[in-house]
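Working notes, structure below.
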Amino acid sequence: MPRLPEFDEANFDARQKTIYDEIIAARGHLGGPFKIWLYSPELADRNQRLGAFLRYHTSLEPRLSELAILVVGRHFDCQVEWTLHEQFAREAGLEDEVIDALRNRQKPVDLGAAESAVYAYATELLNGGKVGDATFAAAHLELGDPAVVELTSLVGHYVHVSMTLNAFQ
90 MPRLPEFDEA NFDARQKTIY DEIIAARGHL GGPFKIWLYS PELADRNQRL
140 GAFLRYHTSL EPRLSELAIL VVGRHFDCQV EWTLHEQFAR EAGLEDEVID
190 ALRNRQKPVD LGAAESAVYA YATELLNGGK VGDATFAAAH LELGDPAVVE
240 LTSLVGHYVH VSMTLNAFQ
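Numbering (the numbering used here), first residue to last: 90 to 258.
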């Protein structure tokens, strides 16, 4: 059961209504952490803008972004995040075998070089809070400067998403 009541749109203040409308226009629905973040309208606004960039506008291919998001969701046992992004990952072309391995907390096998780099980078970052030289070099070689920066931020953003969803159930 959610720890905070869901907002009734009729009770939004002007700022909440503006941000709600922007989220609906961009995403088509108010789901996931946005229901919580709207308690703090500025937080919701900034997070939805950052999330939209990280999800749709980075230099990472969508299947690589979704791979990283699934790694984060599974790391934090965030079922809401997992359920939403499992389908997005399939639509982006991530193979069922990779998704199944992640679901079962196993390292996926037969990954391409880019997928392997993303998996290793995200996993190491989540497990230790940093990335070693070899892992960084492999990700940098496969992805390039902008994508490594964006991947780091993507992982951090979805840590925030997962923690929000888990904390507020």
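Glycine included, each C-beta is placed from N, C-alpha and C at the ideal position.
Other residues of its chain near residue i: CB distance less than 7 Å, five sequence neighbours each side excluded
i, result
"Glu95", "Lys124"
"His174", "Glu155, Ile158, Leu159, Gly162"
"Leu254", "Gly121, Pro122, Cys167, Val169, Glu170"
"His246", "Leu139, Gly140, Leu143"
Backbone CA spacing between residue i and residue j [nearest angstrom]
i, j, result
"Leu127", "Glu98", "11 Å"
"Asp134", "Ile108", "6 Å"
"Tyr193", "Val244", "Sequence inspection shows Asn at residue 193; the Tyr mentioned does not correspond to that position. Using only the alpha carbons, I get a separation of about 20 Å."
"Ala236", "Gln258", "32 Å"
Reduced DSSP secondary structure (H/G/I, E/B, other) of residue i
i, result
"Asp222", "helix"
"Asn255", "helix"
"Thr107", "helix"
"Ala190", "helix"
"Tyr128", "coil"
"Ala236", "helix"
"Asn242", "It should be noted that the sequence gives Ser, not Asn, for residue 242. If DSSP states are grouped into helix, strand and coil, Ser242 belongs with the helices."
"Leu230", "helix"
CB-CB length for residue i against residue j, believed under 8 Å
i, j, result
"Glu231", "Ser148", "Actually they do not touch by this definition, with Cβ atoms about 12 Å apart."
Own chain partners of residue i with C-beta closer than 6 Å, once the 5 adjacent residues on each side are dropped
i, result
"Ala209", "Thr224"
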